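Those letters in the sequence shown? Residues 26 to 529, per the numbering used here, in order.
We put the CB at the ideal spot given by N, CA and C, even for glycine.
Please read all numbers here as calculations on a predicted model, not as lab measurements.
Data block below; observations after.
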Amino acid sequence: MAHDPVVAETVRDAAHLEPHFVFDAQEAAAAAKLAARDGKRTNVLVVLFDDVGWGDFGCYGGGVAVGAPTPNIDRLAREGMLLTSCYSEPSCTPSRASLMTGRLPMRHGLMRPPMYGEPGGLEGEVTVAELLSAAGYVTQAVGKWHMGENRHSQPQNVGFDDFYGFLSVSDMYTEWRDPYFFPEVVYSEERTRWLENAPFNKCFVHATRGGDIENVEEVTIPVLSELDDKWCAYSQEFIIRMAGEEKPWFLYHCTRGTHFDNYPHPRFLGSSPAKHPYKDTIIELDDIVGRLVATLEVTGQLDDTLIFITSDNGPEMETWPDSAWSPFRSAKGSTWEGGQRVPGVVYWRGMVEAGQASDGLFSLMDLFPTLLHLAGASDAIPSDRYIDAVDQTSFLVGAGADSNRKFLYYWLGSTFSALRVGEWKFMLASTSDDDRDVQNPGGFTGVTQKYTYSRLYNLYLDPLEQHSYMIRKLAYLDAFQQGIGGHLRTFSKYPPKVVVGGVG
Ligand code: CA
26 MAHDPVVAET
36 VRDAAHLEPH
46 FVFDAQEAAA
56 AAKLAARDGK
66 RTNVLVVLFD
76 DVGWGDFGCY
86 GGGVAVGAPT
96 PNIDRLAREG
106 MLLTSCYSEP
116 SCTPSRASLM
126 TGRLPMRHGL
136 MRPPMYGEPG
146 GLEGEVTVAE
156 LLSAAGYVTQ
166 AVGKWHMGEN
176 RHSQPQNVGF
186 DDFYGFLSVS
196 DMYTEWRDPY
206 FFPEVVYSEE
216 RTRWLENAPF
226 NKCFVHATRG
236 GDIENVEEVT
246 IPVLSELDDK
256 WCAYSQEFII
266 RMAGEEKPWF
276 LYHCTRGTHF
286 DNYPHPRFLG
296 SSPAKHPYKD
306 TIIELDDIVG
316 RLVATLEVTG
326 QLDDTLIFIT
336 SDNGPEMETW
346 PDSAWSPFRS
356 AKGSTWEGGQ
366 RVPGVVYWRG
376 MVEAGQASDG
386 LFSLMDLFPT
396 LLHLAGASDA
406 IPSDRYIDAV
416 DQTSFLVGAG
426 ADSNRKFLYY
436 WLGSTFSALR
446 VGEWKFMLAS
456 TSDDDRDVQN
466 PGGFTGVTQK
476 YTYSRLYNLY
486 LDPLEQHSYM
496 IRKLAYLDAF
506 QQGIGGHLRT
516 FSKYPPKVVV
526 GGVG
């Protein structure tokens, strides 16, 4: 009988660990495959795009249909596994920190992105990079960081051997330099000088473990247009160097694109059928995936490398049309599906069965215990803090296509928003997206609304979350409330932490 996530029960291995499904056959299959690797290295390449939408790639119904073909990513999806219910957090920093720590923003405390040199970051958290490094991995971060600019939150101080990229977010480096977006700054010497002297780093940087960051180059608009190209070359050099290494490696490659504002590399400018900088950037990112995979292939490392391709949140609609395509309701910043449901393509030749598509729940933070499992380092997961992530090794490698995760918890800052289990999304609060007093309501524009009665959406019948179904489905109410109750009770033993943000 097929597994039903609504009905099936989970197992909690310890008080600090999220309950998970146990599938004996799937787990045995994964264990056998891993054992058969017989001491070969297990490398990991995470490619994390910025603000790319669920629908942008051809394998999700976008690609050619929306003026930006993505043949490289589509091929990986065909020859690997396509996740249709892969979830980020509502915005950049919370997502990235959850991936790094296996913990929800309410635990690691980065509830929204720190901007323009604002203090606060990963400091004090235990990262997957740190634990992989302790397990013998070479750890490399490339591209966008955005998990704190303070020294102790910088990548080379939270587990990475080397970092080449920028510490903040794309728009901060360029928006005030562009006369189209900031004419009142560009055409004012005083304001330009004021921002030039503001205390945030305007350069992309390099750092090695424990060292100081060194500025590589100031990120002007022409420099920015070449960043993804330079960062790709840096990752390719890393992959080539690692071919001769005995140690396994973890490459965390975070692109600049497609966060607003997009200035594609001159080679890609106008290259998309859509002729729009956002779409040109999608073409460039797909090409970068092609380059990284080709480098793995020619260096003989493709069979030994798990590749996970995803995005850190849904489309940013306040900057439309410089934004992604998602078929879902609302956008980045919100807990509607448009804010948190992201592409997830998993490829590992010979290990992740080709041609799979699954709607099983996957949270990006699940990479934390999953990568540690693959590294044989599950025992290193800290026990002094709550881990919200679930080990999904058997889901990805076991070819059974059942997610080990039962519930997905949606948090809107410090407000609990919704629970998903199976096809159901039970919602207690959200951001409004129909405000009449704004022209372009994206996920950051609305107000937090707590519903008098809860709402229920069937994401199979109603993926756009337009028809609340609660009153016809009260038989589920107790199950949803128990799911939420179990989650919220974990906060009494493991209290929330606020580092940046926190207002619901
Ligand atoms: Ca983002």
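In the structure shown, residue 96 falls within a helical segment according to DSSP collapsed to helix, strand and coil. Judged by DSSP secondary structure, residue 199 falls within the alpha helix (DSSP H) whose first and last residues are 195-199. Taking residue 378 as the centre and dropping the five residues before and after it, the same chain places the C-beta of 424 closer than 6 Å to its C-beta, in chain order.
Remark: fewer than three beta-carbon pairs, one from each stretch, lie closer than 8 Å, so the segment 411-419 and the segment 440-453 are not flagged as touching. Here the distance from the Cβ of residue 117 to the nearest heavy atom of ligand 1 is below 7 Å. When secondary structure is reduced to three states using DSSP, residue 263 falls in the helix class. The beta carbons of residue 203 and residue 158 sit no closer together than 8 Å. Apart from the 5 residues on each side of it in sequence, residue 206 sits with its Cβ closer than 7 Å to the Cβ of 200, 286 in its chain, given in chain order. Residues 444 of the same chain have their beta carbon placed closer than 6 Å to that of residue 509, with the five preceding and five following residues left out of the count.
Boundaries for residue 40: no beta strand (DSSP E) harbours it, and the DSSP string shows neither H nor E there. Straight-line spacing of the CA atoms in residue 451 and residue 263 works out to 44 Å.
In this structure, the CA atom of residue 353 is about 5 Å from the CA atom of residue 489.
Going by DSSP, residue 50 is part of the alpha helix (DSSP H) stretching over 49-60. Shown here, residue 438 sits in coil according to DSSP, grouped into three states, outside any helix or strand. Boundaries around residue 153 are those of the alpha helix (DSSP H), 153-159, since no beta strand (DSSP E) includes it. The closest heavy atom of ligand 1 lies 7 Å or more from the beta carbon of residue 231.
Secondary structure of residue 171 (DSSP, three-state): coil.
Per DSSP, the unbroken beta strand (DSSP E) holding residue 242 starts and ends at 239-243.
The alpha carbon of residue 357 has as its nearest neighbour, out of 304, 325, 468, 280, the alpha carbon of 468. As computed with DSSP, residue 449 is found in a beta bridge with 446, 483. Non-local beta-carbon contacts of residue 386 in its own chain, meaning distances under 6 Å to residues more than five positions away in sequence, involve 110, 428, 430, 433 in chain order. Rounded to the nearest whole angstrom, the CA to CA distance from residue 342 to residue 154 is 32 Å. Around the beta carbon of residue 115, 16 or more other beta carbons sit within 10 angstroms, so the residue counts as buried. Cα atoms of residue 33 and residue 144: separation of roughly 43 Å, rounded to the nearest angstrom.
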